[in-house]
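Novice: Please find one structure pasted underneath; my questions will follow.
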Amino acid sequence: MNEQTVRLTVQGRTLTVTLEQNSSSAALLERLADSDLQIRMDDYGDMEKVGALGFSLPCNDHPTTTRPGDLILYQGNTLTLYYDTNQWNFTLLGRVDGVTSREQMLDLLGDKGAVTVTLSRP
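The opening residue of the sequence shown carries number 810 in my numbering; numbering runs sequentially from there.
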């Protein structure tokens with residue numbers, strides 16, 4: 810792993826997220842330099858899991874069509890992991906490596922229901 814990745818751990822499984830090159834991802838990496846981040850995430854709209862960060866990151870919103878595996882920053886203070894598609898003005902933080910379908914992402918997330926994810930530096 811290089812400096813443009815983070816680890817995403819959910820239900821004992823650790824995945825790699827390749828980050829976008831923007832100020833939002835850079836701020837997230839900086840935040841993770843101090844400590845890991847645990848976020849409780851709940852399903853929303855049969856397309857995503859969302860959880861409050863507890864702090865804000867800079868936004869780089871632009872019209873986006875999400876796909877399974879996208880890690881999105883919503884309104885600067887909410888982390889979203891997509892397992893389906895959606896269109897809106899979002900900040901793309903990165904993508905879970907190797908995910909190409911809804912089924913794969915739901916399998917990695919332990920299907921539907923609340924989960925706690927941990928983001929950490931490699």
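We put the beta carbon where it would ideally sit given N, CA and C, even for glycine.
Over the uninterrupted beta strand (DSSP E) stretch that includes residue 879, give me the two end residues.
Specialist: Element bounds for residue 879: 879 to 883.
Novice: Report yes if the C-beta distance between residue 827 and residue 906 is below 7 Å; otherwise report no.
Specialist: Taking 7 Å as the Cβ cut-off, residue 827 and residue 906 qualify as a contacting pair.
Novice: Tell me which residue opens and which closes the alpha helix (DSSP H) that residue 914 is part of.
Specialist: Residue 914 -> alpha helix (DSSP H) spans 911 to 918.
Novice: For the region 816 to 843, which segments carrying the beta strand (DSSP E) assignment without a break, of at least 3 residues, lie completely within its bounds, in sequence order?
Specialist: Counting only runs of 3 or more, we get 822 to 828.
Novice: Considering only their Cβ atoms, is the gap separating residue 836 from residue 866 smaller than 7 Å?
Specialist: Cβ distance < 7 Å, so residue 866 and residue 836 count as in contact.
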